[in-house]
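Written out below as structure tokens is the structure these notes cover.
2 protein chains.
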Amino acid sequence: MALDFDRIREAHDRIRPHIHLTPVLTSARLDAACGGRLHFKCENFQKAGAFKSRGAVNAVFSLSDAVARNGVATHSSGNHAAALARAAGLRSIPAHIVMPANSLRAKVRAVEGYGGRIVFCAPNQTARETACVGIVAQTGATLVHPFENEDVMAGQGTVALEFLEAVPDLDVLLCPVGGGGLLAGTAVAAKHLRPDIQVIAVEPALADDTAVSFRAGHLVPRPTQNTIADGLRTLIGEPNLEIALRLVDDVVTVGEESITAAMRLLWESLKIVVEPSAAVVYAAFLESRIPTSSRRFGLILTGGNVDLDALPWQPSRR
Amino acid sequence: MALDFDRIREAHDRIRPHIHLTPVLTSARLDAACGGRLHFKCENFQKAGAFKSRGAVNAVFSLSDAVARNGVATHSSGNHAAALARAAGLRSIPAHIVMPANSLRAKVRAVEGYGGRIVFCAPNQTARETACVGIVAQTGATLVHPFENEDVMAGQGTVALEFLEAVPDLDVLLCPVGGGGLLAGTAVAAKHLRPDIQVIAVEPALADDTAVSFRAGHLVPRPTQNTIADGLRTLIGEPNLEIALRLVDDVVTVGEESITAAMRLLWESLKIVVEPSAAVVYAAFLESRIPTSSRRFGLILTGGNVDLDALPWQPSRR
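Protein chains in written order, with our numbering: chain A, 1 to 318; chain B, 1001 to 1318.
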């Protein structure tokens, strides 16, 4: 069964008791700076600090009791890991989490705090997947892939559902893209609710696999570099790209300096803590990559899990 | 005419078009850590980044056209300055702002951004007041004192008014105290709306003039030291202390390390940017100064204007 709007609506009904309906913020100062009308959907306020709670809860609560009993497993650089550990805890089942050894300390602590069982691995996609397959074989746990899983995509699509219910007349929706779980759900939900909306994916130029694949029309294997937007280092998944090719209007890339500047401006203007991966959507405006002309923009701020000891504008860390 | 609840209600009607009705946030994690139920009134999201916008707008919009024409003047370490500059701008009248030379850069930039005319002075109360008297004599501007002005106090009291409308059953309200404008308005509003509520003022131990004066029953002149909570270095005003002696239940002091730790925990848990002066109310819980036992607490987070280049947990600045 392909991902369609009904599954996103069902996901929303399923997860609503376990997630926050996050607020939409605006800023006169940021609007004046770009000439558009910007609306920020604050998934940094979401449970476990990121939109990933939506997909994780939907996946965990979609399992039958018999299957759920053996637990769930995943590999993730951080936010999906914490979200899955939390979702498993809500259902009182074990969560086995494979994390790269270079994950942010704050994200490791979060997974531990939710009772996840962590297995560290080398920081590359092959090592992550191998470790995860081993755990599934040992425990009988269900693999909940961070973005190639349709229940996860449906859960992430509830962000756009809520966003367009709160602000129905958005002209453009901007969405960060890493593995493409959020992008797939966003595109399906947004184009169903408002067929003439533009959906634009944004990613770091140092992790431009989606932009390159999007332009080629098929998956182009392409290593990503060490962007500060750690949540977007993941390569886009095959099913996610397929949906993007069908429904997404454009993919924009942004530089590292713009990401840092955007993050800082969001903190200063909105008084909220967002992570670099969330800031890419606003970075696109700083780089004048998006024609504004008084249009109404929706920007998905995906998460707020940062290491406050290693902020990108601290001189010692540059 | 003394400060009473009717003036706070009138102030709310007057300022509402020009301020945000700020949200109240909660955190399961912070509740679990202290055993109480904490509600945070987020004035860091207020216009110009702090509750000061309320008092400033009320004072500026209470002036007759003839008096307003000559402008307003004040001395302030920062947030009142920006708020008054903004309020004056809304009414298209000049704002003359005396600021201590050691004011945070972010706060100076904010005043400039709102079109305020800045005069720098030595960082002590006498120099501030002298400079301000000179400007008033030259320009005919109306002095809007940051906390000894009853229109300002009435405006600040609208925080508690909104807070108790949003969460009517609070048992305890915690309020930072510097000059005591917010404290006076808070005490009057809270005790009117819920006579059995406890109102507790919190200040840095390095600026404990209110605690000492409160216990003595009269104003005790007492220099403050260089606390990180820069907004609370101001000495409490005489009329403000008078109201506190009548309506406030206790004054608690907190240490510098607790203030920094509290600020960081609020950033990490609530994903919001608050300044050190706001964090003192949560620091009181970290120091176990407040018996919790499942009671419902209201904590006023007063502002979110920080210099992101000089965060208190950055090693280079310690």
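In this text, a Cβ means the ideal position worked out from N, Cα and C, and glycines have one as well.
Exercise. Consider the Cβ of Glu1268/B: report whether some Cβ of chain A lies at a distance smaller than 8 Å.
Key: yes
Quiz prompt | Any chain B beta carbon closer than 8 Å to Gly49/A | solution = yes
Quiz item: Whole-angstrom Cβ separation of Leu206/A and Thr234/A, contact assumed at under 8 Å?
Solution: At roughly 13 Å, the Cβ-Cβ gap does not stay under 8 Å, so Leu206/A and Thr234/A are not in contact.
Exercise. Alpha carbon to alpha carbon, how far is Ile15/A from Leu170/A? Give it in angstroms, no decimals.
Key: 25 Å
Exercise. Tell me, please, whether the CB atom of Phe45/A is closer than 8 Å to any CB atom in chain B?
Key: yes
Self-check item: Cβ of Arg54/A within 8 Å of any chain B Cβ
Solution: no
Quiz prompt | Any alpha helix (DSSP H) of 4 or more consecutive residues that is wholly inside the region 1003–1033 of chain B | solution = 1005–1015
Quiz item: Given Arg117/A, which residues of its chain have a CB within under 7 Å of its CB, disregarding the five upstream and five downstream residues?
Solution: Pro94, Ala95, His96, Ile97
Quiz item: What residues in the region 11–38 of chain A have a beta carbon less than 9 Å from any beta carbon of chain B?
Solution: Pro23, Leu25, Ala28, Arg29
Quiz prompt | Collapsed DSSP secondary structure at Pro1223/B in the structure displayed | solution = coil
Quiz item: Quick one: what's got a C-beta closer than 8 Å to Leu1161/B's C-beta in the same chain, skipping five residues either side?
Solution: Ile1008, Arg1009, His1012, Ala1189, Leu1193
Practice problem: Alpha carbon to alpha carbon, how far is Thr1026/B from Gly1298/B? Give it in angstroms, no decimals. | Solution: 10 Å
Exercise. Could you tell me which uninterrupted alpha helix (DSSP H) segments, each at least 4 residues in length, are contained entirely in the region 1030–1109 of chain B, listed from first to last along the chain?
Key: 1052–1062, 1065–1068, 1079–1090
Quiz item: By Cβ distance below 8 Å, which residues in the same chain neighbour Ala1261/B in space, the five residues on each side in sequence not counted?
Solution: Ala1283, Leu1286
Practice problem: Note the first and the last residue of the continuous beta strand (DSSP E) segment covering Val133/A. | Solution: Element bounds for Val133/A: not the beta strand (DSSP E) but the alpha helix (DSSP H), 125–139.
Self-check item: Segment limits, beta strand (DSSP E) that includes Gly1179/B
Solution: Segment: none, Gly1179/B is in no beta strand (DSSP E) and carries neither H nor E.
Quiz prompt | Inter-residue Cα distance where the pair is Gly185/A and Leu3/A | solution = 8 Å
Practice problem: Give a yes or no on whether the C-beta atoms belonging to Ser999/B and Arg1037/B are separated by under 8 Å. | Solution: Chain B is shown only over 1001 to 1318; residue 999/B falls outside these bounds and no answer can be derived.
Exercise. Specify the secondary structure class of Arg1317/B as computed by DSSP and reduced to three states.
Key: Low confidence applies to Arg1317/B: its pLDDT is 45, below 50, so where it sits in the model is not reliable enough to give any reading.
Practice problem: Go through its chain and collect everything with a Cβ distance to Gln1125/B's Cβ below 7 Å, but skip five positions before and after it. | Solution: Leu1235
Quiz item: Excluding the five sequence neighbours on either side, which residues of its own chain have a C-beta within less than 7 Å of the C-beta of Thr224/A, listed in chain order?
Solution: Leu206, Ala207, Asp209, Arg233, Leu235
Quiz item: Measuring CA to CA, which of Val1251/B, Arg1128/B, Leu1084/B is closest to Gly1180/B?
Solution: Val1251/B
Quiz item: Three-state secondary structure (DSSP) at Val1250/B?
Solution: Note that residue 1250/B is Asp in the sequence shown, not Val. Residue state, collapsed to three classes: strand.
Quiz prompt | Residues of its chain near Ala1073/B, where Cβ-Cβ distance is below 8 Å and the 5 sequence neighbours each way are ignored | solution = Ala1095, His1096, Ile1097, Val1098, Cys1132, Ile1135, Val1136, Thr1139, Ala1141, Thr1142, Leu1143, Val1144
Quiz item: Quick one, are the C-beta atoms of Gln248/A and Ala201/A less than 8 Å apart?
Solution: The question names Gln, but residue 248/A in the sequence shown is Val. A contact, by the Cβ cut-off of 8 Å.
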